[in-house]
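J.: As numbered in the UniProt record's numbering, residues 1 to 73 make up the sequence shown, in order.
All residues carry an ideal CB built from backbone N, CA and C; glycine is no exception.
All values reported here derive from a predicted model rather than from experimental measurement.
Dumping the structure here so I can ask a few things about it.
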Amino acid sequence: MTFGAWVLALPVRAYRMLLSPYVGHNCRYTPTCSAYALQALERHGALKGGWLMLRRLGRCHPWGGFGVDDVPD
Numbered sequence: 001m002t003f004g005a006w007v008l009a010l011p012v013r014a015y016r017m018l019l020s021p022y023v024g025h026n027c028r029y030t031p032t033c034s035a036y037a038l039q040a041l042e043r044h045g046a047l048k049g050g051w052l053m054l055r056r057l058g059r060c061h062p063w064g065g066f067g068v069d070d071v072p073d
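Dropping the structure here:
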């Protein structure tokens with residue numbers, strides 16, 4: 001993982017450790033949005049991975065889609 005991707009992953013990891021246990025599993029997609037973000041950053045780096053992460057978060061709302069949404073290659 002590049003340094004930029006590592007920096008972008010810090011808030012995601014903090015969310016998973018500190019807030020996610022209290023919020024519960026409410027993501028409409030599989031994998032969850034936080035797991036998707038970490039996978040996207042790992043595979044694609046900070047720029048493209050960050051963009052994929054933001055697009056996914058933008059789609060995750062009550063009127064959005066649902067189901068399996070894997071990180072593209």
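By a C-beta neighbour count over all protein chains shown, 10 Å radius and 16 as the cutoff for buried, is L41 buried or exposed?
T.: buried
J.: Using a 10 Å radius around the Cβ and a threshold of 16 neighbouring Cβ atoms, would you call V23 buried or exposed?
T.: exposed
J.: Let me check one thing: in DSSP terms, what residues is T2 bridge-paired to?
T.: Beta-bridge pairing links T2 to no other residue.
J.: Helix, strand or coil for V71 per DSSP?
T.: coil
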